[in-house]
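>
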Amino acid sequence: MLLDGPADATQIVQRVSDKTDGALTPPQEMAELAIGVLAGRGVVTVDDGVATLTELGENLLAWRGISSETARAFLARAAQFGDGFKIRKELFQVAGLARTIVWNGTDEQKQKLADASAKVLEAVTAAQKSLHAALAES
-10 MLLDGPADAT QIVQRVSDKT DGALTPPQEM AELAIGVLAG RGVVTVDDGV ATLTELGENL
50 LAWRGISSET ARAFLARAAQ FGDGFKIRKE LFQVAGLART IVWNGTDEQK QKLADASAKV
110 LEAVTAAQKS LHAALAES
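Count the sequence shown with the numbering used here and you get residues -10 to 127, in order.
(1) Can you tell me which of Thr34, Thr(-1) and Arg66 puts its alpha carbon nearest to the alpha carbon of Met19?
(2) For Arg61 versus Lys8, is the C-beta distance shorter than 8 Å?
(3) For the pair the segment 35 to 52 and the segment 66 to 74, tell me if three or more CB-CB distances fall below 8 Å.
(4) Could you tell me how far apart the beta carbons of Thr41 and Leu(-9) are, in whole angstroms, since I believe they sit closer than 8 Å?
(5) Tell me whether Val32 sits in a helix, a strand or coil according to DSSP, three-state version.
(6) Within its chain, find whatever has a CB closer than 6 Å to the CB of Pro(-5); leave out the 5 residues flanking it on each side and keep chain order.
(7) Go through the segment 51 to 125 residue by residue and report every complete run of the alpha helix (DSSP H) that reaches 4 residues or more, in order.
(8) Out of curiosity, what's the CA-to-CA distance linking Val91 and Glu97?
(9) Does the Cβ of Pro15 lie closer than 7 Å to at least one heavy atom of the ligand MN?
(10) If you count every other CB in all the chains shown that lies within 10 Å of the CB of Ile76, and 16 or more means buried, which is it?
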């Protein structure tokens, strides 16, 4: 995303979201971490939170055949999997909440978790059957 010019973490997240029509929106913390790692390796410089590719970074991307066009093509392809990414993200969040309630929840919260678990499992099972049926048709 820095091939399109310097950017801070918020701008990088926005660029990814824009280039995937909203299918992918990485957490800002992930973009901040990536900027820090890249800065530590000398691939970018950071001035007041804004990352800019260094000459090393530009040369490394060129050597690997990565350009603005190839990055856009990759993100366009990744956007096709947006629904799968969204489902995965939401299920991970539900699992995290469930884990928190199992370890630290009150009896009332654990009862609500049991109710929610039944609903989620029912919905996931129905979705699996529907998707298997769709695959069987082709």
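Even glycine gets a Cβ: it sits at the ideal position worked out from N, Cα and C.
So, to answer that:
(1) Thr(-1)
(2) yes
(3) no
(4) 7 Å
(5) coil
(6) Val39 and Thr41
(7) 57 to 68 and 71 to 93
(8) 11 Å
(9) The ligand MN is not part of the structure shown, which contains no ligands of any sort.
(10) exposed
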